[in-house]
Structure formats: structure tokens, C-alpha cells
Amino acid sequence: MARKLPEINASSTADIAFLLLSFFLMVTTMDVDSGLPRMLPPMPQGEQETDIEVKRRNIFTVLINKSDKLLVRGEPMDVSLLKEKTKEFIVNPNNDPNMSESKEEDIPLIGPYRVSTGVVSLQNDRGTSYKMYMTVQNELVAAYNELRDELSMSVFGRPYAKLEKEQQEAVAKAIPLRISEAEPKDVGGK
Amino acid sequence: MATFSRKGKGEMPAISTASLPDIVFMTLFFFMVSTSFRETSLLVSIKSPEATEVDKLKKKTLVSYVYIGTPLPAYQTLFGTEPRIQLNDSFKSLDDIRDFIASEREALSEGERPLLTTALKIDEDTRMGIVTDVKQELRKASALKITYISRKKSK
Chain D
272 MARKLPEINA SSTADIAFLL LSFFLMVTTM DVDSGLPRML PPMPQGEQET
322 DIEVKRRNIF TVLINKSDKL LVRGEPMDVS LLKEKTKEFI VNPNNDPNMS
372 ESKEEDIPLI GPYRVSTGVV SLQNDRGTSY KMYMTVQNEL VAAYNELRDE
422 LSMSVFGRPY AKLEKEQQEA VAKAIPLRIS EAEPKDVGGK
Chain V
52 MATFSRKGKG EMPAISTASL PDIVFMTLFF FMVSTSFRET SLLVSIKSPE
102 ATEVDKLKKK TLVSYVYIGT PLPAYQTLFG TEPRIQLNDS FKSLDDIRDF
152 IASEREALSE GERPLLTTAL KIDEDTRMGI VTDVKQELRK ASALKITYIS
202 RKKSK
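Note that the protein sequences, when read in sequence, are chains D and V. By the count of our numbering, the first sequence reaches residue 461 at its end, each step adding exactly one. By the count of our numbering, the second sequence reaches residue 206 at its end, each step adding exactly one.
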């Protein structure tokens, strides 16, 4: 007579299933890339020459050569100093005649504010490494972001990212992001 | 005569856990189905540069990717070791970028077209020459919103 088989204990299937579940829970990442958002200038229409006169003192030229060395306003500089120098150039706290001019403007929510007319001009060589280019871009954007944060902290008491939309627009108007990229030079070759 | 046996003497009966695996399996299947892996397989090796001032990409449907990097070892005999452009699933040349942007635009609805962002995923050792060429092409295609993909570095 066939003996009745003992029932297999199924209580551990739950554990196995949980193990699989937690594996998939961990592996499932809605992996979202992050990046540095920028706008490209529109392509000029036709052959018009657009020579906008900008005073020398209002341009903050940053050159990167093919061996990833920086030349800022004619002087070699280390990347670590770039952010501070950029901020100093834009704000121009001591009204240095060599740094950016500012125009008094009435900005909604903030009131009269000295808006800098300074432009950061970035030019790189075709041989510059992308890593260096990104580091410089990042430092320049960081300079602007820090200035915006400082202004919004002093006016609204909150960092720029946490402001209402109208407040953000006001701060962005007071400190406009002006980074212009010149056509790259091909000095070093590949 | 009916007799009621008083088993357990008033203790709570143990809750049956027999259906627990079913519930867990159901959850498991849900996650298995909803897990989507990277749609485009990279043909180039890319190590993104680090940056601090990064934003998360919003609205994935509005983002189209341009990859630039050195081809993976398997493709190096065919495509060499110089950085190449990858669009969708194949190596492309500079001239293809405009068509690529046009087709990406076509896929979006009328209202969303101006919001199209081009994400440039570029290896950090790439020289700026090819990057600049790509940027010029994007300007010609008037795809002006770009994002340089980078890894977030803590300050």
C-alpha cells in the first residue's frame, strides 16, 4: 500500500519570493540623467554682420587652450580661482574701472538694483578636452548661481531654488546669466 | 447528539500564511513587468564628467540623446579609436544630426516641439573639436536647448 506522501512545507516560498522581490526593488531605478542645461545661440540668418559693441571692461574673457590651460583676461589662472574672480567681476563691489559696469534698474519685487552689464566670453580650442570645458562651464554657472542665491537670501530669505516663480524671474532679471561662447580656434590641431 | 470539541481552549487560531507567497509573487511580477532597461545600447564608452550645478532631466519623452565617445573594443576594428557620434543604435556622421533632430521633432506633438531638449552625453576625454561641430549642427537644426550630461559631484 502506497504511503501517503508527507506534505511539503511551503512556508519558505514566501521568503524566496521576498528575496526576489527585494532584488527587483533595488535593481529598478528610474535612472534619470542629470546635466548642465544651456541654451545655444540661434544661427545668424543671412550674411548680416552683428557687431555689438561691448566695452572692454564689460567682457570677462576666458580662454582654454589645447593643453587645458586657462587664460582669464590675459592672465593665466587656475580653475579653482575662476568662480571667485567671475563673481567679483560681475558684482564689482569696489567700482573698479576694469570690471563690469552696472545700470540701475527697477526690478519688480526687488526694487532698484544695480544690474551688471558684464558678459562672460568663453572660448576654447578644438583640442581642449571636454572634461576641462565642463569644469569651466560648471564654475561659471556656479558663480552666477551663487550670486543669485546670495541675492534671493538677502531679499526673500530663501535660496533661489526654493523661490516662487515670479520671485525667481525677478532674481534672474537682476542677475542675468550672460555666458557667450565664441567660435573655437583651431590652433593646436587635434 | 452533537458535541463540540473545545480544541485550543479559547486560544486564537493561527492566521494562515498560505496566501502570502501569492501576494508577494503578485508584487514581484508587477516590478518585473514595470522594470524597463536602457533602451539604447551604447556602442561607445562614455564616462561623464563631474559637475556640481546639475539639474535632473525632466520629461524623458522630450529628451533626445546624442552620444559621443570612443567606440567599444568590439567595434574598434570597424570604426577606429577616434571619438564617434552615436544616434539611437548606430554610429552616425555629423550630417545625420539634422535628420535625427527632424525625426525626433516629428515624433512629438505640435505643442511639445519647442521643448525638445538635446542631451549631449559625451566622454570626458573627448576633444572639443567634434563637440563644437555637433553644437554647430544643432544650431543649424535650431535645436537650441541642450544639456551636457554630467555626474553630480557633491560640493
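Where is the CB? At the ideal position from N, CA and C, for every residue including glycine.
Nearest-angstrom Cβ-Cβ length linking residue i and residue j, presumed shorter than 8 Å
i	j	result
arginine 164(V)	arginine 156(V)	5 Å
alanine 443(D)	proline 379(D)	Incorrect: roughly 12 Å between the Cβ atoms, too far for contact.
arginine 419(D)	tyrosine 401(D)	In fact, because the Cβ distance is near 26 Å, the residues do not count as touching under 8 Å.
phenylalanine 142(V)	leucine 94(V)	6 Å
proline 347(D)	asparagine 395(D)	Their Cβ separation, rounded to whole angstroms, is 15 Å, which puts proline 347(D) and asparagine 395(D) out of contact at 8 Å.
alanine 285(D)	threonine 78(V)	Contact doesn't hold; Cβ gap of about 12 Å is too wide.
threonine 406(D)	phenylalanine 82(V)	Not a contact, Cβ separation roughly 39 Å.
arginine 328(D)	serine 371(D)	7 Å
Closest Cα partner of residue i within the set the options
i	options	result
proline 383(D)	Glu375(D), Val390(D), Gly389(D)	Glu375(D)
tyrosine 404(D)	Gln438(D), Leu353(D), Ala441(D), Arg327(D)	Leu353(D)
serine 92(V)	Tyr118(V), Leu159(V), Lys109(V), Ser67(V)	Tyr118(V)
leucine 311(D)	Lys203(V), Ala194(V), Gly120(V)	Ala194(V)
lysine 326(D)	Leu448(D), Val407(D), Arg397(D), Val391(D)	Val391(D)
lysine 337(D)	Thr399(D), Ser387(D), Asn409(D)	Thr399(D)
isoleucine 136(V)	Gln127(V), Pro122(V), Leu129(V)	Pro122(V)
serine 96(V)	Lys204(V), Glu188(V), Tyr126(V), Leu189(V)	Tyr126(V)
isoleucine 200(V)	Phe151(V), Gly131(V), Asp106(V)	Asp106(V)
lysine 111(V)	Val185(V), Leu166(V), Lys186(V), Lys204(V)	Leu166(V)
valine 185(V)	Phe151(V), Lys204(V), Glu161(V), Gly162(V)	Phe151(V)
isoleucine 361(D)	Ser283(D), Arg385(D), Asp377(D)	Arg385(D)
Beta carbon of residue i nearer than 9 Å to that of residue j
i	j	result
isoleucine 335(D)	glycine 389(D)	no
leucine 422(D)	isoleucine 450(D)	no
leucine 341(D)	aspartate 349(D)	yes
lysine 196(V)	methionine 314(D)	no
glycine 180(V)	arginine 429(D)	no
isoleucine 381(D)	valine 426(D)	yes
glutamine 408(D)	arginine 344(D)	no
threonine 114(V)	threonine 168(V)	According to the sequence as given, residue 114(V) is valine; it is not threonine. Against a cut-off of 9 Å, the Cβ pair of threonine 168(V) and valine 114(V) comes out as a contact.
leucine 159(V)	aspartate 147(V)	no
alanine 170(V)	tyrosine 116(V)	yes
asparagine 363(D)	serine 351(D)	no
aspartate 417(D)	lysine 358(D)	It should be noted that the sequence gives glutamate, not aspartate, for residue 417(D). Yes. Within cutoff.
alanine 281(D)	valine 75(V)	no
threonine 198(V)	leucine 108(V)	yes
arginine 39(V)	proline 134(V)	Because chain V is modelled from 52 through 206, residue 39(V) falls outside the range shown and cannot be assessed.
leucine 11(V)	glutamate 188(V)	What is shown of chain V runs 52 to 206, which leaves residue 11(V) out entirely.
leucine 393(D)	glutamate 437(D)	no
- Query: Between the region 61-78 of chain V and the region 394-414 of chain D, do at least 3 Cβ pairs fall closer than 8 Å?
  - Reply: no
- Answer yes if the region 171-178 of chain V comes into contact with the region 96-111 of chain V, meaning at least three C-beta pairs across the two stretches below 8 Å, and no otherwise. yes
- Item | Runs of alpha helix (DSSP H) wholly within the region 107-184 of chain V (minimum 4 residues, chain order) | 127-130, 147-158
- Which residue spans inside the region 363-439 of chain D form an unbroken beta strand (DSSP E) run of at least 3? 373-378, 382-387, 390-395
- Pair every Cβ in the region 300-316 of chain D with every Cβ in the region 363-373 of chain D, then say whether three or more of these pairs are closer than 8 Å. no
- Scan the region 323-362 of chain D and note each continuous alpha helix (DSSP H) run of 4 residues or more that stays entirely inside, going in chain order. 350-362
- How do the region 69-86 of chain V and the region 284-302 of chain D stand: do at least 3 beta-carbon pairs fall below 8 Å, yes or no? yes
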